[in-house]
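If you count by our numbering, then the sequence shown holds residues 21 to 206, one letter each, in order. Glycine residues also receive a C-beta, built at the ideal position from the N, C-alpha and C atoms.
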Amino acid sequence: MLDPSNFTFYGGENDYVEPFSAFTKLKSLIIHGCKIMDTQIINISSETLVNFAMDYSSSKIAKIELSTPNLCTFTFYGIPHPKIGGSNLSSVKEVNIYAHMDAYLEKLPIVLFNWLQELSVHLEPKGLCGIEQNIETLMHYVTASNAYLGNQKNAREFDFAYYRGKDLMAPRLYEDILKEIEQIGI
21 MLDPSNFTFY GGENDYVEPF SAFTKLKSLI IHGCKIMDTQ IINISSETLV
71 NFAMDYSSSK IAKIELSTPN LCTFTFYGIP HPKIGGSNLS SVKEVNIYAH
121 MDAYLEKLPI VLFNWLQELS VHLEPKGLCG IEQNIETLMH YVTASNAYLG
171 NQKNAREFDF AYYRGKDLMA PRLYEDILKE IEQIGI
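Rendered as structure tokens:
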């Protein structure tokens, strides 16, 4: 396992930085607070990488490019504003995104949806549920289908809903539904 913290990686002639391609037996990679200079694209390229996690809060990286044919788990902590893309992601089985969106509240649903679209091309999730407590958003994986609104491709449907809590510091999931049930009982 490689766990670099607070490193600065410098870009080269290709307009991207590829700092881990020389590690030919790398199985797990966790990046904490690293920066890139002279470019805005970080390329994570490894034939052997199985687990990748990134703790990120800077706005310097515009795109994370993954070329990891054996990647099984992708985990991201931080502000998910960079674009994400990849090739050879057919082995990804688990995606964990822990989003901090204080500065980018209005972009949360579309950014997360784009990430999930890119990463879930090869996923068949049984369920997905995410809660953003600051803006009281629930994101829920609804269904997978063979066609959606006339499209011939497989489609996934995500439901973004807003919910209210009695206490803003501790919102209660399905608060609106529970209030309706409480009203019926009164």
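Residue i, buried or exposed, once every other Cβ within 10 Å from all chains shown has been counted against 16
{"i": "PHE27", "result": "exposed"}
{"i": "CYS92", "result": "exposed"}
{"i": "MET74", "result": "buried"}
{"i": "THR88", "result": "buried"}
Among the options, the one whose alpha carbon lies nearest that of residue i
{"i": "PHE96", "options": "HIS52, SER41, THR44 and SER25", "result": "HIS52"}
{"i": "GLY106", "options": "ILE62, LEU132 and THR44", "result": "ILE62"}
{"i": "ALA119", "options": "PHE133, SER41, LYS55 and TYR30", "result": "PHE133"}
{"i": "GLY31", "options": "ILE81, SER25, THR44 and VAL131", "result": "ILE81"}
{"i": "LEU85", "options": "ILE104, LEU139 and GLU114", "result": "Before going further, note that residue 85 is Glu rather than Leu in the sequence given. Checking every option, the nearest Cα to that of GLU85 belongs to ILE104."}
{"i": "ASP58", "options": "ASN116, GLY98, LEU139 and TYR36", "result": "TYR36"}
Whole-angstrom C-beta distance between residue j and residue i, which should lie under 8 Å
{"i": "SER65", "j": "GLU33", "result": "Not confirmed; about 16 Å, so no contact."}
{"i": "VAL70", "j": "LYS55", "result": "That pair is no contact at about 25 Å."}
DSSP-derived helix/strand/coil call for residue i
{"i": "LEU22", "result": "strand"}
{"i": "ASN90", "result": "coil"}
{"i": "LEU46", "result": "coil"}
{"i": "PHE133", "result": "helix"}
{"i": "GLU33", "result": "coil"}
{"i": "GLU67", "result": "coil"}
{"i": "GLU138", "result": "helix"}
Pair within 8 Å by beta-carbon distance, residue i and residue j
{"i": "PHE72", "j": "PHE94", "result": "yes"}
{"i": "PRO19", "j": "LYS83", "result": "Past the edges of the chain, shown from 21 to 206, lies residue 19, and the structure says nothing about it."}
{"i": "ASN90", "j": "GLU67", "result": "yes"}
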